[in-house]
Amino acid sequence: MQNFCTIELFSDDQWTEAATVSLTGDAALGTLAPTSSGYGLEYAVAWPNRRDAHALCSGFPVSFSGLDLQHWPVFLIDMLPQGYGRQELLRRLDMPETTEAAGDWPLLLAGAGNPIGNLRIKEAAQWLQQQDGPLHGFTDDDVATRADDFTEYLAQHGLFVAGSSGVQGEWPKILLTRADDGLLYLDHALPDERAREHYIVKFGRGSNERLAQILRQEAPYMDIARHLGLRVHAKLRMQDRALFIPRFDRRVDNGKVLRLAQESLATLTDKPRFGQVPTHDEACLKLCQVASDPLAEICEYLRRDVANIALANKDNHARNTAVARDAAGHIGLTPLFDFAPMYLHPDGISRRIRWSQHDNGSPDWQAVIDMVAEQTGLPRMPLLETLQAMAEPLLEVADHGGDFGLENDVLAYLQQHLRTHAKRLQALR
45 MQNFCTIELF SDDQWTEAAT VSLTGDAALG TLAPTSSGYG LEYAVAWPNR RDAHALCSGF
105 PVSFSGLDLQ HWPVFLIDML PQGYGRQELL RRLDMPETTE AAGDWPLLLA GAGNPIGNLR
165 IKEAAQWLQQ QDGPLHGFTD DDVATRADDF TEYLAQHGLF VAGSSGVQGE WPKILLTRAD
225 DGLLYLDHAL PDERAREHYI VKFGRGSNER LAQILRQEAP YMDIARHLGL RVHAKLRMQD
285 RALFIPRFDR RVDNGKVLRL AQESLATLTD KPRFGQVPTH DEACLKLCQV ASDPLAEICE
345 YLRRDVANIA LANKDNHARN TAVARDAAGH IGLTPLFDFA PMYLHPDGIS RRIRWSQHDN
405 GSPDWQAVID MVAEQTGLPR MPLLETLQAM AEPLLEVADH GGDFGLENDV LAYLQQHLRT
465 HAKRLQALR
């Protein structure tokens, strides 16, 4: 097996070879194997010093300099299949589903041919093309009910790639694209010129009612997020046991598909180990360094943390927040995603990313605002006002949560949380 991969970047309506990443250590170490990365000469000449959508990530701007690390660059780890996708692809590669680090490099070379964002691994894209079966479209109902012909088609031609292409997480997910005929196709299989809308479709798993409820409540949670003033892309739609999530890393403009650059908070803060998280302080500092409008992005970041706590979404790991970069140079947080009542999870999930001080699971927002203003140099008053403005909407959700689609037991659990946090925000000075 080769010890390097070629990274292609989508720009100006085409895929371009931008860089290579070579293993300089044992591939069996997985993502912790030492690597050497570098942009190609022609690419570096064409886009010097860019850290926008033309860069592999904001922390590795285009240049002639290489990047030598004792692990994979984290943007590469963002493309590595995980969860159900990883298991499906390991089976396809005739490897045990329980394979850990030793499977990472083979998985990357096969499974990163169509990830979220504007990057892909050339070798994986070539492998993906070799696996293609006949093009087949399905109705929304076929997908939502997992009709026999749909599940059979996935088993034969698609689930191992459609669910593994950089869509990480524990729920089974596939990337589907609506075509000009109104049907849904596996995203990697449909030619760009036929694409009209792009979705991540997340399916219920198993028979656990609490997991099913988390999935059912994700669409209402996103509506609540919009009510709270958070950055939200589009309405989610639950149909049967499938959640249709419009993608914000894809746009169709004048018949052309635009692939938008995206990097996780793990990449932004350089955290290569799965489960490793930054502090909120560190995330804010890094975001300020790269954001086009630091104040707007930190206000958004603070609002999201308030919302996560008030609505008991504890699963705030480093890949549940991401940064978008466009070709015009704008860098900022993506719209919100994976926002759901994770307190329901039967395994029990604790709050992962915390403030370095004043955070015992319910932060002292007065102290947090003071700390963020001091560390970032941003003016304190807008930070204060952006949190104060959330108080009234939080109370409205507590009083009328059923109107947003919250189920009775979820609303009953949240009401005291919502009112308590609203009062705390109102008391800020």
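Quick note on my numbering: the sequence shown kicks off at 45 and runs consecutively. All residues carry an ideal CB built from backbone N, CA and C; glycine is no exception.
Counted as a single uninterrupted DSSP element, the beta strand (DSSP E) harbouring Tyr83 occupies residues 79-83. The DSSP-derived three-state label of Gly376 is strand. Contact between His277 and Phe292 holds, with the beta-carbon distance rounding to 4 Å and staying under 8 Å. Going by beta carbons, Leu472 and Gln432 fall inside the 8 Å limit. The DSSP-derived three-state label of Glu144 is coil. Residue range 239-247 is occupied by the beta strand (DSSP E) that includes His242. Residue pairing by DSSP places Asp297 opposite Lys300 in a beta bridge. Residue burial is scored here from C-beta neighbours: Arg130 has at least 16 other C-beta atoms within 10 angstroms and is therefore classed as buried.
The DSSP-derived three-state label of Pro322 is coil. Per DSSP, reduced to three states, the secondary structure at Arg317 is coil, with no helix or strand assignment. According to the DSSP assignment, Leu428 belongs to the alpha helix (DSSP H) that extends over 424-432.
Counting every other CB atom within 10 Å of its CB across the protein chains shown gives Val412 a total of 16 or more, marking it as buried. Using a Cβ-Cβ distance cut-off of 8 Å, the segment 359-377 and the segment 230-250 are not in contact, since fewer than three pairs of beta carbons, one from each stretch, lie closer than that value. DSSP places Phe448 in the helix class (H, G or I) of the three-state scheme. Apart from the 5 residues on each side of it in sequence, Asp382 sits with its Cβ closer than 6 Å to the Cβ of Asn364 in its chain, given in chain order. Here Gln261 is buried: its Cβ has 16 or more other Cβ atoms, across all protein chains shown, within 10 Å. Cβ contact annotation for Asp184 (same chain, cutoff 8 Å, sequence separation greater than five): Leu228, Gln283, Phe288, in chain order. In the DSSP assignment, Phe119 falls within the unbroken alpha helix (DSSP H) covering 118-121. Shown here, Gln114 sits in coil according to DSSP, grouped into three states, outside any helix or strand. If you look at Ile413, you'll find it in the alpha helix (DSSP H) that goes 409-420.
Non-local C-beta neighbours of Asn352 in its own chain, meaning closer than 7 Å and more than five positions away in sequence, comprise Asn360, ordered along the chain. Counting C-beta atoms within 10 angstroms of its own C-beta, Gln306 has 16 or more neighbours from the protein chains shown and is therefore classed as buried. Between Leu152 and Leu124 a beta carbon distance of about 6 Å is seen, short of the 8 Å cut, so the two are scored as contacting. Apart from sequence neighbours up to five positions away, the residues of its chain that approach Leu455 with a beta-carbon distance below 7 Å are Gly445, Gly446, ordered along the chain. DSSP places Leu137 in no beta strand (DSSP E); its state is neither H nor E. Contact between the segment 262-277 and the segment 381-400 is present: three or more C-beta pairs spanning the two stretches fall below 8 Å.
In the three-state scheme derived from DSSP, where H, G and I count as helix and E and B as strand, Val89 is classed as helix. In the structure shown, the three-state DSSP call for Thr189 is coil. Less than 8 Å separates the beta-carbon of Thr75 from that of Asp148.
Annotation: the continuous beta strand (DSSP E) that includes Pro290 extends over 286-290. Counting every other CB atom within 10 Å of its CB across the protein chains shown gives His465 a total of 16 or more, marking it as buried. Per DSSP, reduced to three states, the secondary structure at Val454 is helical. Between Gly177 and the set Gly127, Val187, Thr189, Ala199, the nearest pair of CA atoms involves Ala199. Taking the C-beta atoms as reference points, Leu422 is found nearer than 8 Å to Ile342. In summary, Pro92 is exposed, with fewer than 16 beta-carbon neighbours lying within 10 Å of its beta-carbon over all protein chains present.
The residue among Ala145, Ser109, Asp408, Ser102 with its C-alpha nearest the C-alpha of His115 is Ala145.
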